[in-house]
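*Asks:* When you line the sequence shown up against the working numbering, it's residues 2 to 293, in that order. We put the CB at the ideal spot given by N, CA and C, even for glycine.
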Amino acid sequence: MATILDRTRKSDVGAPTTVDAESTLIDPTALSRKTQSSSRVPRSVQRMIGPALIIVIWQLVVSTGLFNENTLPRPLSVLSAAWRLIANGELQEHMSISLLRVGYGLLFGIVLGLVLALISGLSRVGENFVDANMEVLRAVPNFALVPLLIVWFGISETPKVLLITLAVAVSIYINTFSAIRSVDAGLVEAARSFGVQRAELIRRVILPGALPGFLIGLRLALTGAWLSLIFAETINAKRGLGRMMSDAREYFQLDVVFVLIAVYAILGLISIFIVRALETRLLTWRRSFDGN
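1. Near Ser272, what residues of its chain come up, given a Cβ to Cβ distance below 6 angstroms and the 5 sequence neighbours on each side ignored?
2. Run through DSSP, which three-state label would Leu284 get?
3. Hey, Ile294 and Arg139 are a contact pair by Cβ (cut 8 angstroms); roughly how many whole angstroms apart?
4. Measuring CA to CA, which of Glu201, Arg85, Gln60, Leu86 is closest to Pro74?
5. Just to check my reading of the structure: Ala211 and Thr177 have Cβ atoms closer than 8 angstroms, yes? What is that Cβ distance to the nearest angstrom?
6. Let me know the beta strand (DSSP E) ranges lying completely inside the region 157-192, each 3 residues or longer, listed in chain order.
7. Under the assumption that Asp248 contacts Ser78 (Cβ atoms under 8 angstroms), give the Cβ distance between them as a whole number of angstroms.
8. Which same chain residues end up closer than 7 angstroms to Val260 when comparing Cβ atoms and leaving out the 5 residues on each side of it in sequence?
9. Might you give, ordered along the chain, the residues of its own chain that have their beta carbon closer than 8 angstroms to the beta carbon of Val162, omitting 5 neighbours on each side?
10. Check whether the region 235-242 touches the region 178-192, counting contact only when three or more Cβ pairs, one atom from each stretch, lie closer than 8 angstroms.
11. Distance check for Ala266 and Ser39, CA to CA, integer angstroms please.
12. Between which residues of its own chain and His95 is the CB-CB distance below 6 angstroms, once the five residues before and five after are set aside?
13. Reducing DSSP to helix, strand and coil, say where Arg41 ends up.
14. Measuring alpha carbon to alpha carbon, tell me which of Leu283, Ile203, Asp185 ends up nearest Leu119.
15. Taking the beta carbon of Ser64 as the centre, do at least 16 other beta carbons fall within 10 Å, making it buried, or is it exposed?
16. For Glu280, which residues in the same chain have their Cβ closer than 7 angstroms to its Cβ, ignoring the five residues on either side in sequence?
17. So, Ser172 versus Gly122, is the Cβ gap smaller than 9 angstroms?
18. In chain order, which alpha helix (DSSP H) runs of at least 4 residues are fully inside the region 83-110?
19. List the whole-angstrom C-beta distance separating Pro213 from Leu270, where the pair is believed to meet the contact cut-off of C-beta under 8 angstroms.
20. Short check: CB of Phe225 to CB of Ala168, under 9 angstroms?
21. Alpha carbon to alpha carbon, how far is Ala53 from Ile231?
22. Going by other Cβ atoms of all chains shown within 10 Å of its Cβ, with 16 needed for buried, is Val131 buried or exposed?
23. Reducing DSSP to helix, strand and coil, say where Gly196 ends up.
24. Inspect the beta-carbon positions of Pro142 and Ile151 and report whether they are closer than 9 angstroms.
25. From the DSSP output, in three-state form, read off Val276 for me.
26. With 16 other CB atoms within 10 Å as the buried threshold, where does Ser229 fall?
27. Taking DSSP as the reference, what is the three-state secondary structure of Phe130?
28. For Val276 and Met49, what's the separation of their Cα atoms in angstroms?
29. Please state the DSSP three-state secondary structure of Gly155.
Have a look at this one:
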């Protein structure tokens, strides 16, 4: 929002002189664009400098003999292993299974987390029943639930999806509940003073105000989903990225291990970019500091 710095100025003889409002406006967005355009290196290129430096250092460490190639494979060896796994279709087969598990876990977890956040956030009675249980579940490490899930549900797909669902639901719940309770009370009272009914109040005031918190929870939930997938696929999975990782570790195929680490990293980055795109599209009304 532009800010007018000064409406009038004093002339030399003390008479007020009107200043053109257009000349006294400061547009932070325009300043941000000007700062970005003044940079000679595109932002996308700047983001690639860090990973490129890591690869260069990695190659130098192996080439100089600081690490044995049997314990730290060369970057080219990792690329060769990645190409081999893609060419024979093995990577795509296992990744499709993992993506399906994460997809179901995200779907169920987002719905569960949102429902519980609304119950708890919109009602003190609901908070008394729900919040303490979710905080306890938040404090329990995911991998600690694996033995229980195996005993209760066996080694089918259910415990794998359920483990991811719980991780997602907790992240969505914690952030959405906090966002609901952080909505400006003045806005709520103002809406009530105009006779806005509760359903309309929730739809027009509380939910839009809680949207930024939900998106933060979604970003954390996506990260938690990929982490939980690793634990989930240790439950006697026959296919999946976690199974590939276990086999590669057992047969000391470190090049394959590095390929899978890179796959997890890429999937995590794609998830973050998707959430950021949603934030850009859904939060157009909110101005935030961009670092310039």
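*Replies:* Looking at the atomic coordinates:
1. Correct list, in chain order: Leu223.
2. Coil, per DSSP.
3. Only positions 2 to 293 of the chain appear in the structure, and residue 294 is not among them; the question remains open.
4. Checked all of Glu201, Arg85, Gln60, Leu86; the closest Cα to Pro74 is Gln60.
5. At roughly 6 angstroms, the Cβ-Cβ gap stays under 8 angstroms, so Ala211 and Thr177 are in contact.
6. Fully contained in the region 157-192 is no beta strand (DSSP E) run of length 3 or more.
7. 18 angstroms between Cβ atoms; not a contact.
8. Excluding positions up to five away in sequence, the list reads Val79, Ala82, Ala83, Leu86.
9. Closer than 8 angstroms at the Cβ level, and outside the excluded window around Val162, lie Arg102, Tyr105, Gly106, Phe109, Ala233.
10. Segments in contact, no.
11. Reliability of the predicted coordinates at Ser39 is poor, the pLDDT of 49 falling under 50, and the value obtained from them is presented with this limitation in mind. The straight-line gap from Cα to Cα measures roughly 31 angstroms.
12. Cβ contact annotation for His95 (same chain, cutoff 6 angstroms, sequence separation greater than five): Arg240, Gly241, Leu242, Met245, in chain order.
13. In this structure, Arg41 counts as coil in the three-state DSSP scheme.
14. For Leu119, the closest C-alpha among the options Leu283, Ile203, Asp185 is that of Ile203.
15. Exposed: under 16 other Cβ atoms inside 10 Å.
16. The answer, listed in chain order, is Leu216.
17. No; because the gap between Cβ atoms is not below 9 angstroms, this pair is not in contact.
18. Fully enclosed alpha helix (DSSP H) runs of 4 or longer: not present.
19. About 21 angstroms separates the beta carbons of Pro213 and Leu270, which is beyond the 8 angstroms limit, so they are not a contact pair.
20. Before going further, note that residue 225 is Gly rather than Phe in the sequence given. A contact, by the Cβ cut-off of 9 angstroms.
21. Going from the Cα of Ala53 to the Cα of Ile231 covers about 26 angstroms.
22. Buried, since its Cβ has 16 or more Cβ neighbours within 10 Å.
23. When secondary structure is reduced to three states using DSSP, Gly196 falls in the coil class, being assigned neither helix nor strand.
24. No. Outside cutoff.
25. Helix at Val276.
26. Buried is the call here.
27. Helix at Phe130.
28. The alpha-carbon separation between Val276 and Met49 amounts to approximately 20 angstroms.
29. Correct three-state label for Gly155: coil.
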